[in-house]
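Asker:
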Amino acid sequence: MEGGVKRDRWGYEVRTPSDACISAINHYYHQVLIYGRERSVILKATLHDQDCVLANILAAHYLSSSDPSQAHFYLHAAVSRLEQATSYEKAVFDAVHSLISDNRDDEFALEMHFKLLKDFPKDLSSLKRAQVICFYMGRADTSLTLVQQVLPQNQLENYIYGMLAFPLLELGQMEEAEKAARKALEINKDDCWAQHNAKEAYHIFSYSTWITHNWWHVALCYMEGHSPIQKIVKVYDQHIWKELERADASPVERNWFMEWHFDVLILWALPYSNEHSKAEDLLKGLRSRFFKMNSKKQQLMQRGMSLAEAMYEYGRGNYKQALEFLEPDFDAVDYKIIGASDEQVDVFNEVWYSMLLNTGQALKVIEVLGERIKKREGVPFLWRLLERAYTIVGSKEAPIVGEKAKVLETAYFK
């Protein structure tokens with residue numbers, strides 16, 4: 001390691017004599033920015049230079065959720081060579097270490113990323129990592145500040161405008177989000193994050209390389225349009241499950257404990273599919289991770305854990321028990337700590353309406369949906385739920401609402 005310094009994709013110095021190590025690090029950056037399936041390439045970087053601090057700390061971060069013991073090995077390797085590292089490597093080490101430490105404090109981790117990006121503003125991989133922290137904290141305003149901080153140094157860079165579009169979208173600044181997404185696609189039409197944000201900003205489907213996620217949005221739109229279930233299942237079978245069956249796809253269980261949002265959805269699906277043993281294993285694992293958190297983190301994640309418990313019971317058909325885990329005036333926007341966008345968490349509002357209907361609380365659904373539909377009056381699925389509620393209470397409004405839903409469904413799929 002002594003005497004070798006290379007520059008990475010961002011132009012920053014990395015202490016390594018190995019071109020192959022730098023190449024693997026750069027490939028890892030690219031995979032992070034495109035949500036690629038080859039992020040494990042960072043492990044190859046450590047094979048090319050086992051003493052490279054940057055390669056080791058990024059490898060530790062990559063493995064921190066799926067293989068903590070192996071992550072500790074790479075962390076130790078980074079620490080052992082930290083004195084010889086460049087200033088850039090030390091800054092990345094401090095920021096990443098704040099994320100994977102046993103006593104993780106998200107506020108401190110965010111502070112360390114602000115400091116890193118102030119000194120090294122062209123590091124878009126670290127910007128992406130910082131935005132993920134903000135996402136889980138429900139801090140779209142801070143995410144926007146981070147992007148704006150480094151934008152002057154990255155005016156023509158790939159991916160920067162897609163990263164700008166998302167916090168704008170989350171903050172409801174749709175016109176600005178659309179402009180940013182369009183700018184991103186002018187620079188790189190294959191920017192999957194920009195395609196995702198463009199779709200949400202101006203409702204254009206983009207069949208991108210970020211296949212499984214963007215097809216999830218397509219399936220959701222079919223569902224909210226109250227499309228026949230066969231069409232939704234077809235999207236899943238042909239475009240989501242098909243990807244997961246690829247030879248290079250990770251085993252299903254390897255995706256557990258990576259993202260709270262995914263885990264909550266899986267906890268709904270497994271018992272519904274009679275995979276009760278697997279569901280119990282996943283839930284036990286989430287509980288274990290929750291109780292190992294420090295008190296501050298537990299307080300932040302309490303709602304996420306409650307939602308996980310609720311979805312597990314909902315998947316088992318225990319609607320009354322599921323409701324007991326949720327607040328009486330549940331609003332999924334308060335649960336964004338699980339790492340989900342507005343559109344993604346709104347699915348849980350619709351699940352809550354179904355729970356209420358299945359436990360005889362149709363009047364409450366009528367009350368809540370009356371307000372909700374004012375904001376999303378073009379969604380047929382919500383009108384069908386309202387029709388069902390009116391039918392349960394024997395209201396003459398049921399056929400009127402049903403006709404409204406029918407008109408919307410016809411227009412939805414023209």
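The sequence shown maps to residues 1 to 414 in UniProt numbering.
Beta carbons are placed, not taken as given, at the ideal position from N, Cα and C, and that holds for glycine.
As the structure is a computational prediction, the values presented were derived from the model and not from experiment.
1) Is there contact between the segment 49-61 and the segment 92-100, where contact requires at least three CB pairs shorter than 8 Å?
2) If distances are taken between C-alpha atoms only, which option among V32, E176, W383 comes closest to Y62?
3) Assuming contact is defined by CB atoms lying nearer than 9 Å, are S18 and G4 in contact in what I supplied?
4) Tell whether a beta-carbon distance below 9 Å holds between L408 and V368.
5) Using the C-alpha atoms, what's the distance from A140 back to E170?
6) Any contact of the segment 294-314 with the segment 254-266, i.e. 3+ C-beta pairs under 8 Å?
7) Alpha carbon to alpha carbon, how far is W10 from Q153? Give it in angstroms, no decimals.
8) Report the residue ranges of all beta strand (DSSP E) runs contained in full by the segment 330-390; include only those spanning at least 3 residues, in chain order.
9) Which class does K320 belong to by DSSP, given the choice of helix, strand or coil?
10) Between L99, P328, V347, which lies nearest to K336 when the distance is taken from Cα to Cα?
11) Using three-state DSSP, classify R15 as helix, strand or coil.
12) Express the C-alpha separation of I42 and V14 in angstroms, rounding to a whole number.
13) How many Å lie between S277 and I160 at the Cα?
14) To the nearest whole angstrom, what separates the beta carbons of A279 and G315, a pair I think is in contact under 8 Å?
15) Just checking, does the segment 107-121 make contact with the segment 311-325 on the three C-beta pairs under 8 Å criterion?
16) Give the list of continuous alpha helix (DSSP H) stretches no shorter than 4 residues that lie fully inside the segment 72-157.
17) Considering only the alpha carbon of each residue, which of N349, D8, E371 lies closest to H30?
18) Does DSSP classify K231 as helix, strand or coil?
19) Helix, strand or coil for K278 per DSSP?
20) How many Å lie between L82 and H48 at the Cα?
21) Have a look at W210 and K396 and give me their C-alpha separation to the nearest angstrom.
Answerer: In brief:
1) yes
2) V32
3) yes
4) no
5) 6 Å
6) yes
7) 11 Å
8) none
9) helix
10) V347
11) strand
12) 14 Å
13) 43 Å
14) 7 Å
15) no
16) 87-100, 106-119, 124-137, 140-150
17) D8
18) helix
19) helix
20) 18 Å
21) Residue placement at W210 is poorly supported in this model, since its pLDDT is 39, which falls under 50; the coordinates still yield a value, given next. Looking at the two C-alpha atoms, the distance is approximately 46 Å.
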